[in-house]
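Note sheet for the following structure.
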Amino acid sequence: MTKGSPGVALDGSLELDPQWTTKILSNFIRTELHRTGLRDLVLGLSGGIDSAVAVYLAARTIEPPRIHACLLPYRTSSEDSLRDARSVVDDLGIDAETIEISPIVDGFGKTTGEVDRLRLGNVMARARMTLLYDRSAAHRALVLGTSNKTELLLGYGTLHGDLASALNPIGDLYKTQIRSLAEHLGVPESIRTKPPSADLWPDQNDEDELGFRYEEVDRLLALLIDARVSRATAIEAGFSAGVIDDVTHRIVRTQFKRKLSIIAKISTRSIGWDFRYPRDWMT
Amino acid sequence: MRDIRVALGQIAPRLGDFEANLEAHRRAAREAVGSGSDLIVFPELSLTGYLLADQVPELALPLDDPRLEPLLEASQEIDIVAGLVEDAPGHRFHNTALYVSRGRVLHSHRKLHLPTYGLFQEGREFAAGNRVRHFDSPWGPAGMLICEDLWHMPCAWLLAQQGAEVIFVLSNGPTRGAKPGREVTSVAVWRELLQITAQFQTTWMVYVNRVGCEDGLTFGGGSLVVDPFGRVAGNAPALDEALEVVDLKSDVLRRARTAYPLLRDENLELVERELARLRQLRYDLPDPAASTKKDKVV
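Residue numbers (the numbering used here), protein chains in the order written: chain A, 1 to 283; chain B, 284 to 581.
Right, dumping it as C-alpha cells:
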C-alpha cells in the first residue's frame, strides 16, 4: 500500500470533486454498515447543514425508510431549525420522529440543581446521544455521526454527546467543504445559507462563539493540519500570529475529545497499546 | 513472451477472513476462465485484507500450508497471482505475492519496501524481503512487485534487466479523495508511475489495486495494464469491484524494444562502478582503489 497523489492538499486547498467525494463517502457508509450485519441508520437531524449532508449521503446509499431521523428539539430550539429538519425528512422520504428533550433536560436540572449555560448545553447534547443510541438499539441500527473536521479539530463539540457515533462520513470534511458538497447533494437552500449554529440557546452563533469565520479558519487548518506548513509560512499566507496561536492552542487543548479514554498499562498486552486490531476486525 | 489474456481481479477482500477471500478468488478465477484468460491477478494481501495489525501472525501461512490447496487446485485451470501473509523460516512474516500455476507455487515475491510513515505501519507489521528475481512463467519471463516497491525505481529496473517482459504490481493503494475535475487521487498518480516505468523498462505493466473500505480507509482500485510503449491497454474503474480482461501482445513488446532499445543499451558496468562509489561514500568504507595502490607500493 502506498501514496496518493503527491499534490493533494499539500497546498492547503479546500476544493474537492463532489461526485467522487460522494461516491467514496457513500461506499464508506454502505461498507461499514453492512459489515456489521445491520441495515439501518439512526441520526439526529438538527436542521443544520452537517446533519443534512450526512443524511443526504445516507439516502443515496441505503433505502430511505431504513434511515431513522430523530428531531430532538429543546424548549428554546429555533422553530426554523425544526422546520428545516422536517423539509429534509419530506424531501428524502426517510423515517422520522420528533422527541422533545425538554422534560429530560429539565428533569436533570430538577434532580441536580441549576447548571450554567455551557453545562446545560452539554446535558442537551448528551440527552440527544442517549436517545439516538436507544433508538439505534430499537431499530437495530448504527448511529451516523455528523461532526465535521473543523469542529472536531477545534474541539467544538460535547464529548459523549454530539461527538458520539458509530461511523462518521463527514469527519474529514471542513465546514467549507461541507457547504460545497451540500449544494451537489441538493440540500435545501435555506439550510445551506443560514448562519451556522449549535442551537443550544437562542441566537447562538458558531462563528461568534469560536471567534473565527469558518472560511478563514478552514483555510488555516488546511495549511496547518493537511499541508503541515510552519507557523512562519502561515503568517506569510496572511494569517495573524494571534489567530494561528489561538487555533493551535485550541487543537492541542481539545485533543482529549478526539481520543478514547487512556488506559494505564500494567499487563503484557493492553487495550490501546499492544492489543491492536482495527474496528473492522474479522469483517 | 507469447500472447496472453490477463484478468484483473479488482476485488474488495474481507479483512482477516481467509476462507471467504479464498472462495472469492476461486469464484473470480472461474469467471476469468470463462473469459478465455490465461491468468488472473489479484491485489496485494488479497487473501487477508490490509489493516491486519495483530492479525499478521494469526493469518500467516507457510507457502506449503494445506490451506492453500484450493488455490493450487484452481490454478490447474488458470494461473493465479495473489497476495497473502507468509510465515517464512524463522517466523518472519512477509507481505508476499504468489504466482501459482498448474497446482504449484511457481514463484513468490516478498515485499521489499514496507511503507512506515503517515498512515502506513508496515515496517512494524512485516519483515522486509531482500531479493528481487524474475521467473519463467508458462508463457514467458515475468516479475512481481508489491505496491511501494514500484516507487523505488531499481526494483522494476532490476526485473527488466533480468529479462522480465511483464511486471505484475499488486497494490493496496488508498485514496485521499478527489480534487475538482480530477480522478480519485490514487488512480491518476499510479497511472503516471506505471506509464513512466513501462517506458523506461519497455515492459508490460499489470497493476491490480484493491477496492473497498477498512476502518474508514478507502482503497482506490483503478487497476490497469500499460504496454511497453507506456500506453494504457485496459483498465478497471475506480472504487468498484471489477473483472477486467486485457490482451497482452508479444508483438507490441517486440516493437517497443525495437523502437527503444534501452535494455540493449544499458551500461551495467557504469552502474556497478557508480554504485560501488556511492556505497563507499554512504557507508564510509575504505576506497578499494586506494588500498590496491597502497598494497602495490608495499
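Even for Gly, the Cβ is constructed at its ideal location relative to N, Cα and C. Keep in mind the model is a prediction, meaning the values are calculated, not measured.
Neighbour flag for residue i against chain A, beta carbons, 9 Å
i      : result
E497/B : yes
A525/B : no
P463/B : yes
A439/B : no
Q478/B : no
L355/B : no
A343/B : no
E466/B : yes
L334/B : yes
L522/B : yes
Q338/B : yes
A559/B : no
T485/B : no
Own chain partners of residue i with C-beta closer than 8 Å, once the 5 adjacent residues on each side are dropped
i      : result
P569/B : Q563
L545/B : F483, Q484, T485
R375/B : A410
P349/B : none
V515/B : R474, Q478, L507, V508, V509
Short CB-CB distance (under 9 Å) between residue i and chain B
i      : result
K265/A : no
N27/A  : yes
T268/A : no
L142/A : no
L273/A : At residue 273/A the sequence reads Trp, which differs from the Leu that was named. So no, W273/A is outside the interface.
E32/A  : yes
Y174/A : no
P278/A : yes
D218/A : no
E15/A  : yes
L167/A : yes
T36/A  : no
L21/A  : Residue identity check: residue 21/A is Thr in the sequence provided, not Leu. Yes, T21/A lies at the interface with chain B (some Cβ there is under 9 Å from its Cβ).
Cβ shell of residue i (< 6 Å), same chain only, five flanking positions each side left out
i      : result
G7/A   : Low local confidence applies: a pLDDT of 39 at G7/A is under 50, so the model's placement there is unreliable, with the coordinate-based value given in what follows. Cβ within range, chain order: n/a, list empty.
Y543/B : T485
A357/B : R309, A312
Inter-residue CB distance, residue i and residue j (contact presumed, cutoff 8 Å)
i      : j      : result
V467/B : L522/B : 7 Å
A365/B : H417/B : Not really, about 19 Å apart at Cβ, beyond 8 Å.
R75/A  : L152/A : Incorrect: roughly 28 Å between the Cβ atoms, too far for contact.
L395/B : C438/B : 6 Å
L16/A  : Q177/A : 6 Å
V337/A : V143/A : Residue 337/A cannot be examined here, being either before or after the span of chain A that is shown, 1 to 283.
L72/A  : R128/A : 5 Å
Y174/A : L221/A : 6 Å
S420/B : D362/B : 7 Å
Closer than 7 Å at the beta carbon, the chain E residues around residue i
i      : result
G299/B : The question asks about chain E, but that chain is absent: this structure's protein chains are A and B.
Exposure of residue i, with buried meaning 16 or more beta-carbon neighbours within 10 Å
i      : result
S190/A : exposed
Q293/B : buried
P65/A  : exposed
H392/B : buried
N550/B : exposed
I49/A  : buried
V324/B : buried
N378/B : buried
K462/B : buried
P345/B : exposed
A137/A : exposed
D347/B : exposed
E327/B : buried
G505/B : buried
R253/A : exposed
Where residue i sits in the DSSP three-state scheme
i      : result
P195/A : coil
Q404/B : coil
H417/B : coil
G457/B : In the sequence as displayed, the identity of residue 457/B is Pro instead of Gly. If DSSP states are grouped into helix, strand and coil, P457/B belongs with the strands.
H139/A : coil
P6/A   : With a pLDDT of 39 at P6/A, under the threshold of 50, the modelled position of that residue is not reliable, and the figure given next carries that caveat. The answer is coil: DSSP assigns P6/A none of H, G, I, E or B.
L553/B : helix
S384/B : strand
Q19/A  : helix
E341/B : helix
V581/B : Because V581/B carries a pLDDT of 48, less than 50, the predicted location of this residue cannot be relied on, and the following value inherits that uncertainty. In this structure, V581/B counts as coil in the three-state DSSP scheme.
L120/A : helix
L322/B : strand
V281/B : There is no way to answer for residue 281/B, as the model of chain B reaches only from 284 to 581.
M282/A : coil
heavy atom of the ligand SAH below 8 Å from residue i C-beta
i      : result
D510/B : Among the components modelled here there is no ligand, and therefore nothing to report on the ligand SAH.
Residues of its chain near residue i, where Cβ-Cβ distance is below 7 Å and the 5 sequence neighbours each way are ignored
i      : result
Y333/B : N455, E497
R213/A : E207
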